[in-house]
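Numbering (the UniProt record's numbering), first residue to last: 1 to 704.
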């Protein structure tokens, strides 16, 4: 269990942890997933883990995928494992790569270069003349403009429809709206259909969700949220021409056909309130992956979507004790060929048997508004939150039929009113049956309630090199998700997986993780290593106090290398090297221009640097919001400029490790030697446990 007290000790805990790693599950997984896997040696297997964290995590994950794509590595990964917001980014990748192969019509056949191509924003008033001259040499656009404005012939006609549409579709709760305002207030950020629907349905919803327990999803806000994900990340612009002219896009896009006007989008259908996405089905996912595999024998990475499925659901879950009620068996995987968890067992079929689409699975993985949340320890807090969400019909979790329960029992259950339905499931005798048959439904909620990085699903598949997009909210640098993964590994049954996680670039990492749940601050997110911003780590079979163990040297073929990409910067370096500090100037005087050769990789890229500068930097001695905005803020109130700033920071950081990843996954010793060299250097000059210490941008903090 994840309780901060070391390894699981009781028989009950040991049973639950072992339940997550059964031989039957492993054989089932290997049999079903083998047709999607390329032929290569196990030690070189690698995967990508995209963490949860709402729209902030999604923007950062898009940047991680873009950085790998820029260097020809994205399609070569064996797996992508996503949680919550990371699932938005994965949905974008798979939808646009697969829809042209599985859907009729003339959707553009897009490669990764097409998906992630974009212009560099030119913030005329905030960059120096020298920086502006550099930016205009590449494919650039005005800050609030979606289309390219490059002056060179080779850039003028570049199609950037995919990233342009993503930039203007970042408000998930307003499906179909394309808006490039820098900020959106709550009235503009939330669909009127969602607000009105919630008001009209919150009392009628009590019949299927309180008086009876029918497992119906009736929340208009949940529907709006899912539609926002589907339209923002799964729709395809019919024609990029409209993006070349207009600056502010404030209208809802039209759902079109092949003969529709240019501002229409494929893969959506009209609705009297907001447009609806045409979601990807699991059959399309499976068929598309096999088609791509058949084209060149390599295909695309196999996708694993991760939600959480706790032992209790609805009000029965509110009174349990939060984090201490979570085990490794609560991680619920969904793929094109199977679904399930250690607690409930695995099924050799996709979630389509529950009438779920891939978009449903992504939305369930991201259902952070749910009364069954386990991130709050206090039963009182969870009960109050659950009552409020249920009473207002704002509960986003998804109930699916429990495949361990008979159809007859499920039918009888629907006729039981409150409180009689609480008597159901009390007849089970053995502990395992009690776990699996406690309810006729399985509740799927935000995967962040289990393992928020998505790493565990990769480790269970024998992945030996993992790129981690760790983009959940972490303004105080506690690294809760990395430490949580470390604790889960310690709770894993012996000899199942390597169990001891080290991050040499973080000072006193092991001792920090032993007390991180009570820490108010830890590592300086604003004093990050700017020369090598990706933190290297490893997972060893045996614990050791040897410095070589902490530096991740001499790893065996069955031990694991980690590449941790995190939204973190070095404010002092930014102030010293990238700002013109002359009185009254206050411009970005240097930044990395993507697309130009011989750029200084220690400089923050121009999109992120100008966003940081445009949003006032530091006020009243506090650190800037970027790159650690709150998850709720960005998800509810995002914009194209926020999206681009996070995307480009991740894209820039990933570029520092792509040569190493390429060499390691190709079995070249030079890649392993470089990994060990950088890890030693990070151990020598680690990020300190000093809390956030930020240097003011300017002597005066008055607006420029």
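Glycine included, every Cβ here is placed at the ideal spot set by N, Cα and C.
Report back the beta-carbon spacing between residue i and residue j to the nearest angstrom; my notes put them in contact at under 8 Å.
i	j	result
residue 143	residue 123	5 Å
residue 58	residue 88	4 Å
residue 335	residue 348	Going by Cβ atoms, the distance from residue 335 to residue 348 rounds to 11 Å, so no, they are not a contact pair.
residue 526	residue 565	Actually they do not touch by this definition, with Cβ atoms about 17 Å apart.
residue 306	residue 454	5 Å
residue 496	residue 49	At roughly 19 Å, the Cβ-Cβ gap does not stay under 8 Å, so residue 496 and residue 49 are not in contact.
residue 443	residue 399	6 Å
residue 401	residue 409	Actually they do not touch by this definition, with Cβ atoms about 11 Å apart.
residue 478	residue 519	5 Å
residue 53	residue 308	Between residue 308 and residue 53 the Cβ distance is about 15 Å, and since that is not below 8 Å, they are no contact.
residue 64	residue 654	5 Å
State the Cα-Cα distance for the pair residue i and residue j, rounded to the nearest angstrom.
i	j	result
residue 416	residue 395	22 Å
residue 462	residue 557	11 Å
residue 388	residue 532	45 Å
residue 549	residue 344	37 Å
residue 638	residue 171	6 Å
residue 313	residue 364	14 Å
residue 614	residue 587	9 Å
residue 383	residue 390	10 Å
residue 254	residue 275	8 Å
residue 426	residue 108	54 Å
residue 694	residue 651	24 Å
residue 658	residue 167	25 Å
residue 568	residue 600	18 Å
residue 602	residue 530	5 Å
residue 574	residue 609	8 Å
residue 418	residue 440	15 Å
residue 706	residue 596	Because the chain spans 1 through 704 in this model, residue 706 falls outside it and cannot be assessed.
residue 341	residue 480	23 Å
residue 208	residue 82	31 Å
residue 210	residue 379	19 Å
residue 303	residue 86	12 Å
residue 111	residue 267	18 Å
residue 31	residue 640	43 Å
residue 177	residue 673	49 Å
residue 352	residue 633	33 Å
Could you tell me the boundaries of the beta strand (DSSP E) in which residue i lies?
i	result
residue 502	500-502
residue 308	302-308
residue 332	331-334
residue 653	Not the beta strand (DSSP E): residue 653 falls in the alpha helix (DSSP H), residues 640-655.
residue 592	Per DSSP, residue 592 belongs to no beta strand (DSSP E) and is neither H nor E.
residue 340	339-341
residue 346	345-347
residue 266	264-266
Hey, quick one: how far does the alpha helix (DSSP H) through residue i stretch, first residue to last?
i	result
residue 633	631-636
residue 577	571-578
residue 565	Unbroken run through residue 565 is the beta strand (DSSP E), 560-565; no alpha helix (DSSP H).
residue 539	Note, residue 539: premise wrong, no alpha helix (DSSP H); beta strand (DSSP E) at 535-540.
Is any beta-carbon of chain D found at less than 8 Å from that of residue i?
i	result
residue 364	Looking for chain D here will not work: only one protein chain is present.
Are the CB atoms of residue i and residue j nearer to each other than 8 Å?
i	j	result
residue 540	residue 516	no
residue 635	residue 55	yes
residue 120	residue 138	yes
residue 505	residue 536	yes
residue 385	residue 445	no
residue 311	residue 223	no
residue 66	residue 647	yes
residue 141	residue 152	no
residue 214	residue 414	yes
residue 393	residue 545	no
residue 161	residue 280	no
residue 135	residue 606	yes
residue 687	residue 521	no
residue 578	residue 604	yes
residue 234	residue 115	no
residue 163	residue 113	no
residue 562	residue 79	no
residue 551	residue 680	yes
residue 285	residue 98	yes
residue 616	residue 300	no
query: Which parts of the stretch 362-450 are runs of the alpha helix (DSSP H), unbroken and 4 residues or longer, counting only runs that do not cross its ends?
result: 379-391, 407-413 and 431-437
query: Which residue spans inside the UniProt domain "PNPLA" (48-98) form an unbroken beta strand (DSSP E) run of at least 3?
result: 79-83
- request: Go through the stretch 456-513 residue by residue and report every complete run of the beta strand (DSSP E) that reaches 3 residues or more, in order.
  value: 465-469 and 500-502
query: Which runs of the beta strand (DSSP E) fall wholly inside the stretch 98-127 and span at least 3 residues, in chain order?
result: 120-122
query: Residue ranges of each alpha helix (DSSP H) run of no fewer than 4 residues wholly in the stretch 135-180, ordered along the chain?
result: 153-156 and 161-168
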